[in-house]
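In what follows, a structure is listed as structure tokens, so that the remarks can point back to it.
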Amino acid sequence: MKSSRALLILLSLLVSGCSADTSEINMEEGKWKIQTTVEMEGMPMMIPPVTVEQCITEEDMVPAQKNRDGSECEMMEYDINGNTVTWQFKCNDSSGSGEITYNGKSMDGKMTTTAAGMKMNSTIKGTYIGPCD
Numbered sequence: 010m011k012s013s014r015a016l017l018i019l020l021s022l023l024v025s026g027c028s029a030d031t032s033e034i035n036m037e038e039g040k041w042k043i044q045t046t047v048e049m050e051g052m053p054m055m056i057p058p059v060t061v062e063q064c065i066t067e068e069d070m071v072p073a074q075k076n077r078d079g080s081e082c083e084m085m086e087y088d089i090n091g092n093t094v095t096w097q098f099k100c101n102d103s104s105g106s107g108e109i110t111y112n113g114k115s116m117d118g119k120m121t122t123t124a125a126g127m128k129m130n131s132t133i134k135g136t137y138i139g140p141c142d
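When we follow the numbering used here, the leftmost residue of the sequence shown carries the number 10, and every step to the right adds one.
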């Protein structure tokens, strides 16, 4: 259970670290409320959704992962196609990929992570809530 909680925390920390040509993307810059729901294969109980608030800008819009020590994971690939951002990442003890589609003041996405031999599927939903602090 301790490992599951650490992995959930790892998944819920959304930070940014890449930039690309964002001229086409329909995304409102500012503070977003982001809810991540995680499903783990073989996990008998449901993990509660995690909600965070994050400032998202055109320079900082790719959710990435953090290592357990707080250092950022390595972004392996990153692409923007229309309103959809896709990425792959590698951490010290996990790796995965994700995709988010922005629609002005909302976002929907998914992320797949493999850690400690366990596969986790995450659903990401976000709503713009106002300017960054």
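Ideal placement from N, C-alpha and C gives every residue a C-beta, glycine not left out.
Between the alpha carbons of residue 100 and residue 83 lies a distance of about 6 Å.
Per the coordinates, the alpha-carbon of residue 67 lies some 20 Å from the alpha-carbon of residue 106. Using a Cβ distance threshold of 8 Å, residue 102 and residue 110 do not count as a contacting pair. The continuous beta strand (DSSP E) containing residue 135 extends over residues 127-139. Residue 99 carries a strand assignment under DSSP once its states are collapsed to helix, strand and coil. DSSP places residue 88 inside the beta strand (DSSP E), whose first and last residues are 83-90. Looking at the DSSP output, residue 142 shares a beta bridge with no other residue. DSSP places residue 114 outside both helix and strand once states are collapsed to three, so it counts as coil.
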